[in-house]
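Q: Let me begin by handing over the structure; questions about it come next.
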Amino acid sequence: MNVAIIGAGWAGMAAAQALLEMGHAVSVFEISHQPGGRARGMTDRELGRIDNGQHLLIGAYRETLRLIDWASAQEQAPVETAQTPDNPDNPDSPDSPDSPHQTRYIRQPLNLVAADGALSLSVNPSLPPSIARIVALLSAGGLSFLERSRALTLLGRLKLGVRQPSTGETVLEWLQRHKQPVNLQQRLWIPLCLATMNTPAEKACAHLFARVLRDSLLSPDQGATDLLIPKVDLTRLWIDAVARRVRLATGIQITDVTPGLEDTPSGSSQVSVNGEVFDGCIIATPPAGAARILEKWVTRPPADARLEADQETLNKQLQDLAAFEFHPITTCYIELQSPFRLPEPMLMLSSGHLPGAPSSCKPAIAQANLNPGQWVFDRSATHSDVRRGQLAFVISHAGDSMFDRSLLTNALMKQLQRELAGSNVQASRSLASRIPDVLASRIITEKRATFAAIPGLRRPGYDTIWPHVKLAGDWTDTGYPAVLEGAVVSGQTAAVALASSWNNA
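So the mapping is simple: our numbering equals the position in the sequence shown, first residue as 1, plus 55.
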């Protein structure tokens, strides 16, 4: 089968890899000039090789890990033993220390540490998964005994299927219904919600957040909550390995997708993409791009008895695609004048977004000392090519304003210094007075980084009215919010479905 994939983001490239593994020929068309979509590497003149946004993977992202493993195997990368091997008895497991993908990221047990010392939650990997996470919550620093017990009660109910999120319920409403104390919400649940869903807790879908908790904190899999911080840029992580094995055409805008071609050499229904004929097609663009392609079918419907039903299905699909709203994510990379290390590769910051707080951190607000950042990553601890201190601050649901680089850089550095100085950990306090001056900074805002994960959002499946045209993207009905694993799973699912349709034709 000869397949066209429109869009070279994580969903499209995951679909391409899956089809390659099945032995099919793949052509990928991308409107930008490099693959990777919203999670790709880029070169900055002052900072060197960075990403267009700081991303964090977790051990529960098993399909993503398999892709990284596959990419590493293609390059025959040398094996590097993981710091905390999870499954040494199974060398084929993506979590095995013998797996070559370990060279591409730092893997460590869940270790959430706040810069100001207000929260510390660490998982002991030597304990069975369920026990390890219970012990982690019971021993969490910065939470009272009542707060720890309420957190365990919520997770216990979720695991047992008791008092599940109701239809239309937001994360904040769900937390309040389970009587989660305010400090627990602000220190643990709300930061996790914003980090995984990029949607404020007072608007975020509780069903999706519950899915995130089930697959991580409640997962029976060893290492599901591990933190995986890439050591290479996101393009090199696995995208490059796929790009070298497909026909990749960048800078190409797809203006016409015509399915249902019957008079073809193969004798089966095919699809034309910008005039080139393929056996099948996967549309792996954002929703607006998919809608622009599908809406042309309204005036060019299937000429058979299914016409009326197909048109109704297509119209509903277009309505669903038009309903998506999007939230931005801002990453501020800061290069320091001399070497500097944080206490951990990743620290939580006191969020500027709490229920009732402004949802955007405009420059004037940042200047007024509202804490704009939620997380800070120490890139000098994870990237061997970084010689000086280099930090990456993440601002989720960042608002639609353009940040002033100088104001935001100063606000973030002051926030970090202030929180380290106020920590109850002596080592952190001593660092606060030794932060080097800023040498350079770069602000990158992905304006449409993720869809708004709100209750009641209808997300399309992978099918269209044509069996040989499928949809893929983290916005499809994956059961996840807009996380990288969702994009990968959607691409793989669309690829399998397309191959099945072709085999059954």
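Where a beta carbon is used, it is the ideal one built from N, C-alpha and C, also for glycine.
Would you report the Cα separation of residue 566 and residue 506, rounded to the nearest angstrom?
A: The question about residue 566 has no answer, for the chain in this structure spans 56 to 560.
Q: Once DSSP output is grouped into helix, strand and coil, what is the label at residue 455?
A: Taking the first residue of the sequence shown as position 1, residue 455 is located at position 400. The pLDDT assigned to residue 455 is 49, lower than 50, so where the model puts this residue is not dependable; a value taken from the coordinates is nonetheless given after this. Coil, per DSSP.
Q: Among 116, 479, 268, 226, which one has its Cα closest to the Cα of residue 254?
A: The residue labelled residue 254 in the question sits at position 199 within the sequence shown. Taking only the C-alpha atoms, the option nearest residue 254 is 226.
Q: Is the number of C-beta pairs between the region 495-504 and the region 383-394 that are closer than 8 angstroms three or more?
A: A contact exists between the region 495-504 and the region 383-394.
Q: Locate the beta strand (DSSP E) running through residue 382, then write down its first and last residues.
A: Within the sequence shown, numbered from 1, the residue matching residue 382 stands at position 327. Unbroken beta strand (DSSP E) run through residue 382: 381-391.
Q: Is the CB-CB distance between residue 302 and residue 82 below 8 angstroms?
A: Walking along the sequence shown from the start, residue 302 turns up at place 247. Walking along the sequence shown from the start, residue 82 turns up at place 27. Going by C-beta atoms, residue 302 is nearer than 8 angstroms to residue 82.
Q: Taking the alpha-carbon positions, what's the residue 305 to residue 448 distance?
A: Taking the sequence shown and counting its residues from 1, one reaches residue 305 at position 250. Taking the sequence shown and counting its residues from 1, one reaches residue 448 at position 393. For residue 305 and residue 448, the distance between alpha carbons rounds to 30 angstroms.
Q: For residue 7, collect the residues of the same chain with a Cβ closer than 7 angstroms to its Cβ; drop the 5 residues on either side in sequence, then sort them by chain order.
A: A question about residue 7 goes unanswered here, because the residues of the chain that appear run from 56 up to 560.
Q: Rounded to whole angstroms, what's the CA-CA distance from residue 113 to residue 208? Just pull it up for me.
A: On the sequence shown, position 58 is the one that residue 113 refers to. On the sequence shown, position 153 is the one that residue 208 refers to. Computed Cα separation, rounded: 24 angstroms.
Q: Can you name the start and end residues of the beta strand (DSSP E) that residue 84 belongs to?
A: Counted from its first residue, the sequence shown places residue 84 at position 29. Counting along the chain, the beta strand (DSSP E) containing residue 84 begins and ends at 80-85.
Q: Examine the Cβ distances between the region 395-407 and the region 365-382 and report whether three or more of them are shorter than 8 angstroms.
A: Contact fails: fewer than three Cβ-Cβ distances are below 8 angstroms.
Q: Could you check where the beta strand (DSSP E) with residue 331 kicks off and where it finishes?
A: Counted from its first residue, the sequence shown places residue 331 at position 276. Residue 331 -> beta strand (DSSP E) spans 331-333.
Q: Spatial neighbours of residue 133 within its chain, please: CB distance less than 6 angstroms, with the 5 preceding and 5 following residues excluded, ordered by chain position.
A: In the sequence shown, the residue the question calls residue 133 occupies position 78. Any reading at residue 133 needs caution, since the residue's pLDDT is 41, under 50, leaving its predicted position unreliable; the model's value is listed next. None.
Q: By the DSSP assignment, the beta strand (DSSP E) with residue 163 in it spans what residues?
A: As a first step, residue 163 is located in the sequence shown; it is residue number 108 there, counting from the start. 160-163 is the span of the beta strand (DSSP E), which, as asked, contains residue 163.
Q: Taking Cβ to Cβ, would you say residue 104 is nearer than 8 angstroms to residue 295?
A: Within the sequence shown, numbered from 1, the residue matching residue 104 stands at position 49. Within the sequence shown, numbered from 1, the residue matching residue 295 stands at position 240. Contact: no.
Q: Take residue 534 and list the residues in its own chain whose beta-carbon comes closer than 6 angstroms to its own, dropping the five residues that flank it on each side.
A: Residue mapping note: residue 534 aligns to position 479 of the sequence shown, counting from 1. These residues qualify, in order along the chain: 266.
Q: Here's the rule: buried if 16 or more other CB atoms are within 10 angstroms of the residue's CB, otherwise exposed. What is residue 98?
A: As a first step, residue 98 must be located in the sequence shown, where it is residue number 43. The residue in question, residue 98, is exposed, as its Cβ has fewer than 16 Cβ neighbours within 10 Å.
Q: Starting from the C-beta of residue 445, find all residues in its chain whose C-beta is less than 6 angstroms away, skip the five residues before and the five after it, and write them out in chain order.
A: Taking the first residue of the sequence shown as 1, we reach residue 445 at position 390. So the list reads 390, 434, 435, once near-sequence residues are dropped.
Q: For residue 342, which residues in the same chain have their Cβ closer than 6 angstroms to its Cβ, ignoring the five residues on either side in sequence?
A: Within the sequence shown, the letter at position 287 stands for residue 342. The residues are 376, 379, 530.
Q: Indicate the three-state DSSP secondary structure (helix, strand or coil) for residue 430 in the structure shown.
A: Sequence index remark: in the sequence shown, residue 430 carries index 375 (1-based). In this structure, residue 430 counts as strand in the three-state DSSP scheme.
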